Every structure is written in C-alpha cells, then in structure tokens.
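Trainee: Below you will find the structure I want to go over with you.
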Amino acid sequence: AQSVTQLGSHVSVSEGALVLLRCNYSSSVPPYLFWYVQYPNQGLQLLLKYTSAATLVKGINGFEAEFKKSETSFHLTKPSAHMSDAAEYFCAVSDRGATNKLIFGTGTLLAVQP
Amino acid sequence: DAGVTQSPTHLIKTRGQQVTLRCSPISGHKSVSWYQQVLGQGPQFIFQYYEKEERGRGNFPDRFSARQFPNYSSELNVNALLLGDSALYLCASSLSTSWRNTEAFFGQGTRLTVV
Numbered sequence: 182a183q184s185v186t187q188l189g190s191h192v193s194v195s196e197g198a199l200v201l202l203r204c205n206y207s208s209s210v211p212p213y214l215f216w217y218v219q220y221p222n223q224g225l226q227l228l229l230k231y232t233s234a235a236t237l238v239k240g241i242n243g244f245e246a247e248f249k250k251s252e253t254s255f256h257l258t259k260p261s262a263h264m265s266d267a268a269e270y271f272c273a274v275s276d277r278g279a280t281n282k283l284i285f286g287t288g289t290l291l292a293v294q295p
Numbered sequence: 005d006a007g008v009t010q011s012p013t014h015l016i017k018t019r020g021q022q023v024t025l026r027c028s029p030i031s032g033h034k035s036v037s038w039y040q041q042v043l044g045q046g047p048q049f050i051f052q053y054y055e056k057e058e059r060g061r062g063n064f065p066d067r068f069s070a071r072q073f074p075n076y077s078s079e080l081n082v083n084a085l086l087l088g089d090s091a092l093y094l095c096a097s098s099l100s101t102s103w104r105n106t107e108a109f110f111g112q113g114t115r116l117t118v119v
C-alpha cells in the first residue's frame, strides 16, 4: 500500500531563512508525488507535482522539490521564507491506476517568525 | 472562470441525521473526488467519479454515498451521522484521471459539525 510520512508536524523558521519540509513515501511502483498548501479555512492548492520527468521539480511561489528514489524522499524547499508562506503543507502520493486518488500525509504546519 | 464551488460552507447536524453536500466542478472537468479532513489530519479519500461512474472508493462505511450528475456536479450523502463524521469535506475536480496532463483543483470545503 502507498503512504507518505511527513517528518515534523510543526516547523518554525525566521523570515528569509531556508524552508525545508520533509516527506518520505512508500510505493511499490513509481509514484506520482505532490505538495499542496492549505491556508486557514481554505481548500488545498497545488504547489508542485512529480510525474517521472525531471527529478527536480519547480513549483509556484519559489518552492521546489527533489525526487530521490534511493532515499524514497520528496522534500520541499524554498531558499528564503516569507511571512505569507505560513500555512499547512501536505505531501501526497498517487499511483498509476485507474483512479487519481491522492494519499496525503498528516501535514506540516509552517510558522514564519519576523 | 469559477473554481470548484461547494455548498453549504458550514452546517451543523445532530447525531443520526442525514446530510447532503454539493460540489460543482470547474467547467470542462469530468472527474470529481471527495475527501474528508478531520481536524489535525490530512485529507482522506472517500470517492472518485469520472463521467458519472464511480471510479474509486476509500475505506468509508456504507453510510457514505455519492453520485455525479450529467452536468458533472456531484453530491456526497452521509446517513446516520456520528460525532466522528465532524470534519471538513473537500471536493476536487480534474480534467481527467491521468496525472500527466491534469491536476486536482480543490474547493474551499464544507465544514460539517455533528452534535
């Protein structure tokens, strides 16, 4: 069965510092991987997705993630945090089956300190 | 273009009651999926419909049912509500079922509180 594990339910960084949110996946087949962001009382917005093209994926708002098969990881990074990045971030995996069901991790709440 | 719209945005129900949640996908999107997000957790897959047919079902009891209409809008029904059904219910629409050429767009959700 597919799953994702997000290490760290809460991460706090200073404005301008590097953001690193960790995600490890488990999948018996090459997966599709995603990062979503959720602002309070809102739905989810796609930041980026990996679909087996380039292993370094660039997304919106300056975020990027690198697919590392050997480490079964898909960590999300941003070189310089902005106050507006404060939100909850979810890593998700999907298989290549008939549905595009997403399996989400438990989320990481990012706080950005001034 | 309008995004994914869900109604109502909030509702409160009593244990044992039934509830119907509604979702209108983005124009042209034929796939609708439903997710349940309990406070402090990630969303969990409930159903997917594509072209009015059920394509996938998550690990939820038979109290949960859904359908998709000819205009691709969808309803999620939950019978015999339990306190544990309190959650944010998210609807997502996508153009197709292949991640290579589509992405899931989420609505703002319906916040269901069961008392």
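These protein sequence lines are chains A and B, in that order. According to the working numbering, the stretch in the first sequence is residues 182 to 295, in order. According to the working numbering, the stretch in the second sequence is residues 5 to 119, in order. Backbone N, C-alpha and C fix where the C-beta goes; we use that ideal spot for every residue, glycine too. Computed from a prediction, not measured in an experiment: that's the story for all the values here.
Since P29 (chain B) and V36 (chain B) should fall inside the 8 Å C-beta cutoff, what is the C-beta to C-beta distance between them, to a whole number of angstroms?
Mentor: At roughly 5 Å, the Cβ-Cβ gap stays under 8 Å, so P29 (chain B) and V36 (chain B) are in contact.
Trainee: Just the C-alpha distance for S11 (chain B) and T117 (chain B), rounded to the nearest angstrom, thanks.
Mentor: Approximately 14 Å between the Cα atoms of the pair.
Trainee: By alpha-carbon positions, which one of B:D89, B:F68, B:K34 ends up nearest to L15 (chain B)?
Mentor: If we check each option's Cα against that of L15 (chain B), B:D89 comes out closest.
Trainee: Beta-carbon of K282 (chain A) versus every beta-carbon of chain B: anything under 7 Å?
Mentor: Chain B contact via Cβ: present.
Trainee: Among B:T18, B:R59, B:S97, which residue has its Cα nearest to the Cα of S31 (chain B)?
Mentor: Among B:T18, B:R59, B:S97, the Cα nearest to that of S31 (chain B) is on B:S97.
Trainee: Would you mind telling me which residues of chain B sit closer than 9 Å to Y220 (chain A), beta carbon to beta carbon, in chain order?
Mentor: In chain order: nothing, as chain B lies at least about 10 Å away.
Trainee: Going by Cα to Cα distance, which pick from A:K230, A:L188, A:V194 is closest to S261 (chain A)?
Mentor: Closest option to S261 (chain A), Cα to Cα, is A:V194.
Trainee: Secondary structure at G243 (chain A), three-state DSSP: helix, strand or coil?
Mentor: Three-state result, G243 (chain A): helix.
Trainee: With 9 Å as the C-beta to C-beta threshold (strictly closer), list the residues of the segment 241-266 of chain A near chain B in chain order.
Mentor: The residues in question: there are none.
Trainee: If you drop the 5 nearest sequence neighbours on each side, which residues of the same chain put their C-beta closer than 8 Å to that of V238 (chain A)?
Mentor: Within the same chain, V238 (chain A) has close Cβ partners L229, K230, Y231, E245, A246, E247, F248.
Trainee: So, at 8 Å on beta carbons, what are the nonlocal neighbours of K282 (chain A) in its own chain, with the 5 sequence-adjacent residues on each side left out?
Mentor: Excluding positions up to five away in sequence, the list reads S275, D276.
Trainee: With burial defined as no fewer than 16 other Cβ atoms inside 10 Å of the residue's Cβ, what is the status of P310 (chain A): buried or exposed?
Mentor: An answer regarding residue 310 (chain A) cannot be provided, because it is not within the stretch 182 to 295 covered by chain A.
Trainee: For D266 (chain A), I'd like the list of residues in its chain whose CB is within less than 8 Å of its CB, leaving aside the five on either flank, ordered along the chain.
Mentor: These residues qualify, in order along the chain: V200, N242, K259, L291, V293.
Trainee: If the cut-off is 9 Å on Cβ atoms, which residues from the segment 87-103 of chain B count as contacting chain A, listed in chain order?
Mentor: Under the 9 Å Cβ criterion, the segment 87-103 of chain B contributes L92, L94, C95, A96, S98, S100, T101, S102, W103.
Trainee: Along the segment 52-76 of chain B, what residues have a CB closer than 7 Å to any CB found in chain A?
Mentor: Within the segment 52-76 of chain B, the qualifying residues are Q52, R59, G60.
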